[in-house]
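One structure is given below, encoded as C-alpha cells.
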Amino acid sequence: MNKQHLESITQQHFHKWTEEDIKVAYRHMRIQHRCLSRAVRNLVLQECLTDLDPKVGTQKLIEAIDDRLKLT
72 MNKQHLESIT
82 QQHFHKWTEE
92 DIKVAYRHMR
102 IQHRCLSRAV
112 RNLVLQECLT
122 DLDPKVGTQK
132 LIEAIDDRLK
142 LT
C-alpha cells in the first residue's frame, strides 16, 4: 500500500481508524493472504473498516478480515 492510498483510505469515512491500525491490518493481509490481488485486499480492508467500530481494536479487525476471506 503506497502512502497516497493509505492517506486516501484514512481521509474517507474510515477516519475513525488510526493510520497504524490500517497499516497493521494491511500488512497482515499482505503476509497471510499474499495470493490475493492488491485490489481484493484493498476492497476487503475497506469493507471491514466500514463495518467495524474502531473501538473493537486492531486484533478484531484482523479477525474480521480473516473471517471474510475464509468465505471466499
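Each residue of the sequence shown is one higher than the one before, counting from 72 in my numbering.
Note that beta-carbon positions come from the ideal geometry of N, C-alpha and C, so glycine has one too.
Quick check: what's the CA-CA separation for residue i versus residue j?
{"i": "P125", "j": "V111", "result": "22 Å"}
{"i": "H99", "j": "K74", "result": "17 Å"}
{"i": "S108", "j": "V127", "result": "27 Å"}
{"i": "Q130", "j": "I136", "result": "10 Å"}
{"i": "E91", "j": "S79", "result": "14 Å"}
{"i": "L132", "j": "K94", "result": "12 Å"}
{"i": "R105", "j": "K141", "result": "14 Å"}
Near residue i, which residues of its chain fall below 8 Å by C-beta distance, leaving aside the five closest residues on each side in sequence?
{"i": "E118", "result": "R139"}
{"i": "Q103", "result": "D137"}
Is the beta carbon of residue j closer than 8 Å to that of residue i?
{"i": "L120", "j": "W88", "result": "yes"}
{"i": "L123", "j": "A96", "result": "no"}
Closer than 8 Å, CB to CB, is residue i near chain C or not?
{"i": "E90", "result": "The structure shown contains no chain C, having only a single protein chain."}
Leaving aside the five residues before and after residue i along the sequence, list all residues of the same chain whose C-beta is less than 6 Å from its C-beta, in chain order.
{"i": "H76", "result": "none"}
Give me, in chain order, the residues of the same chain whose beta-carbon lies closer than 7 Å to that of residue i; leave out the 5 immediate sequence neighbours on both sides.
{"i": "E134", "result": "none"}
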